[in-house]
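So in the working numbering, spot 441 of the sequence shown is number 441, and the numbers just go up one at a time. A virtual CB, placed ideally from N, CA and C, is assigned to each residue, including glycine. The model shown is predicted, which means the values in this text are computed figures rather than measured ones. The next block holds one structure in the form of structure tokens; read it before the comments.
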Amino acid sequence: MRSRWVGILVALTLVGAAVLAPNSAIAGDDFLTTACNANGVAPAAADQKDVNGQPIVPRAADGKKSVPVILVHGFDGGADVFSKPINLFADGGDGGDGVQIPFSFIGQLQKTPGLAVYTFDYSEYSNRWVTDSNIGPRLAQAIECLTNHYGTKAQIVAHSMGGLATRYALDQNDSTGVKISSRVSGVSTFGTPNTGSEIATAVSDALGLNSSTPPPSASVLGGVRLDGWLLASICGRQITAGKDSLTPPCNQIPSWAAGAIGLDSDAGRAMRVGSPQLAALPAWPTGIPVTAIDGSTLIHGITLFGVGSPDNGIDAGDIIVPSSSAAFGGTSTKELSCGYALLATNLSGLVVKSMGTKLVTNGPITGLMGDNPCFHGNLLRTINGTNVAADAVRAAAKNPQPIQTDGGGSQSPSPTPTASATDGPGWYPLQAVPQVGFTGSFKTRDVTIRTTLFPESLVQYYPYAPPNAPPEFIDWALKGLCTKLEVAVGIDAESGIPTGNATFTVFLDDHVAAQAQHGYYDEPQHLSLDISGVTRLRLQAGFPPDSDIVPTWGSPKVYCFTNPSPNQ
């Protein structure tokens, strides 16, 4: 019941998503292929620009095979959900003034050499359930086609119902009799209703859609339920067949409410909590990392029909999908947190405010949906969500995993060549040393500082810092085993708006050993420190509030007497 009433409040104001226009300006004669278009997948449009206003041109990586990335949209929508500008930040409140980045999630991926980005478009059939031949089975065919073309396993990024379509597709067999899941190296999902959508459940309960017989109409409320039941039932059947099949009055519903009629389509019925269709859907395959990103909108101060919210507020998830449903089954999760206060005595007087003092809007719908960074339709506009998925996909480009097409299943990936020692005295990546403490979030990936590439670098999870954010750090336990630290410091060339400087500080046993300031246009600065006898190392990075720069510790490594990993 925690967000059931919120579902009722916003259900009839769902905004129907637009269908993606045909792709144009496809870049790279050999890098991207149209050979799989018959399977519903096409190269993503190459129309993005970087922070310097230069076109982002998808391209292969030097000396490595490319990795196909398939973007799968959701219910009643289109692939344009991945083309929205990244301009929001979930900071626990209303997101403040947001961020300004000139590209979308598609551009965020296309900037990485070796990622061949495609969109899977089933918008014509998106009110059908994922078992329909045009959705799940066709997605499986698209995965097989693209992985055969590139010879490497694919990465899937899915929004909403697209994650359910992916679950179904991965359980299908390819043309050699092997599970499609053997052709996929990882999945990232945004707001996927793995255990159902409470908004679909709330509306079906309110209108009596779970019954095959119409509700009684002896009262005004009953009359509204009857009209809603008739409209949803008739239009739900029509829109399941296809949006072009709508006849009056179903084709006369305003666009701002058109999404509501789909709640009684085949897909809408299947996504109700506890539906038999969800129960029959295959679980995520074991062995495939699934990064689940969810929105959590905490609402305080609600007074609706005399009933107030609990002191700790109501978690409305992303307004459409509960947080627990979106995170269910993920091998790793990222929750985007937002907070609002609804101050009201009745519906007509509702005013939406942020957890701070800033007035957001004069109406509940715009406030909780509009530019709410945690709203279902905005998850791919929110930078601390897109960065998580982008990092997961980029990791695949760093070490492409080959497929085997002879029916014998997938091959194990070849180990990445490295100059690091495996045991005994030698250089080891700092990541091999056990971490004993941290604040914020860091990821390991290849990074370019100005024009120099630094493999296996440490970057912060997101480049935008809330006001008054403390510097972020990681602590390592060296145990006196190492004698030398080598690292470069600088700003990731893929940062957003390049304003402000980052401050890098190295602590050895709680004493400052080195400190440097670095801006986006500065060349990388190399640090070489004697760490003989040091038991604890801290790398700390701080940067100004409202900045998009991404502080980077380039290729950090330590010289040790023996492998510092606790697993050796």
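Q. Where do the N-terminal and C-terminal ends of the beta strand (DSSP E) with C560 fall, by residue?
A. 551-560
Q: Specify whether the stretch 515-535 and the stretch 421-435 touch according to this definition: at least 3 beta carbon pairs, one from each stretch, less than 8 angstroms apart.
A: no
Q: Using beta-carbon positions only, say whether L170 and P282 come within less than 9 angstroms of one another.
A: yes
Q) At what residues does the alpha helix (DSSP H) containing A392 begin and finish? A) 383-398
Q. Would you say L164 faces chain B, with C-beta separation under 9 angstroms as the test?
A. The structure shown contains no chain B; it is built from a single protein chain.
Q) Contact check, P43 vs L146 under 8 angstroms by CB: the rounded distance? A) The Cβ separation is near 10 angstroms, so there is no contact.
Q. Under a Cβ-count criterion, where at least 16 other Cβ atoms within 10 Å of its own Cβ denotes burial, should S555 be classed as buried or exposed?
A. buried
Q.
Taking the beta strand (DSSP E) that G186 belongs to, which residues open and close that run?
A. 184-190
Q. Which whole-angstrom value describes the C-beta separation of F82 and T119, a residue pair presumed to lie in contact below a C-beta threshold of 8 angstroms?
A. 7 angstroms
Q.
Can you list, in chain order, the residues of its chain with a C-beta nearer than 7 angstroms to that of Q155? Leave out the 5 residues immediately preceding and following it.
A. V67, V69, S185, G186, V393, A396
Q) Since N39 and R183 are thought to touch, with beta carbons under 8 angstroms apart, how far apart are those beta carbons, to the nearest angstrom? A) Contact doesn't hold; Cβ gap of about 13 angstroms is too wide.
Q. Within 10 angstroms of its Cβ, does D509 collect 16 or more other Cβ (buried), or is it exposed?
A. exposed
Q. Start and end of the alpha helix (DSSP H) containing S325?
A. 323-327
Q. Distance, Cα to Cα, T535 vs F504?
A. 20 angstroms
Q.
Give the list of continuous beta strand (DSSP E) stretches no shorter than 3 residues that lie fully inside the stretch 140-194.
A. 154-159, 184-190
**Q.** When F473, I403, E456 are compared against Q435, the one with the closest alpha-carbon
**A.** F473
**Q.** Nearest residue (CA-CA) to G370, options T448, E335, D318
**A.** D318
(Q) Using only CA atoms, which one of L164, S160, N173 lies nearest to A140? (A) N173
Q. Are E198 and S325 touching if we call contact CB-CB under 9 angstroms?
A. yes
(Q) Using 9 angstroms as the threshold, is the C-beta distance between A267 and L278 below it? (A) no
Q: For the alpha helix (DSSP H) holding I106, just list the boundary residues, first then last.
A: 105-110
Q.
Quick check on this structure: which residue in P551, A142, F543, S160 has the alpha carbon closest to the alpha carbon of A292?
A. S160
Q: Would you grab the beta carbon distance between V550 and D492 for me? Rounded to a whole angstrom, and I think it's under 8 angstroms.
A: 4 angstroms
Q: Kindly identify the DSSP beta-bridge partner or partners of A60.
A: Paired residue(s): none; A60 is not in a bridge.
Q | Minimum C-alpha distance to T499 - residue among N52, L32, N37, A45 | A | N52
Q) With C-beta atoms as the reference, is G162 less than 9 angstroms away from V72? A) yes
(Q) With DSSP as the reference, identify every bridge partner of Y428, one or two as the case may be. (A) V558
Q. In whole angstroms, what separates the C-alpha of A488 from that of T451?
A. 13 angstroms
Q) Hey, how far is the Cα of A432 from the Cα of G339? A) 38 angstroms
Q: Could you tell me if V512 is buried or exposed, where buried requires 16 or more neighbouring beta carbons within 10 angstroms of its beta carbon?
A: exposed
Q | Cβ-based burial, K49 [other Cβ within 10 Å; buried from 16] | A | exposed
Q: Just tell me which of T444, L32, L453, P471 has its CA closest to the CA of V459.
A: T444
Q. Straight-line CA distance for A218 to N378?
A. Unreliable positioning characterises A218 in this predicted model, as indicated by a pLDDT of 39, which lies under 50. A coordinate reading is not provided.
(Q) Whole angstroms are fine: how far does the CA of G136 sit from the CA of Y168? (A) 6 angstroms
Q: Would you identify the three-state DSSP class for P276, choosing helix, strand or coil?
A: helix
**Q.** Close Cβ partners of T112 (< 7 angstroms) along its chain, the five nearest in sequence each way excluded
**A.** R394, A397
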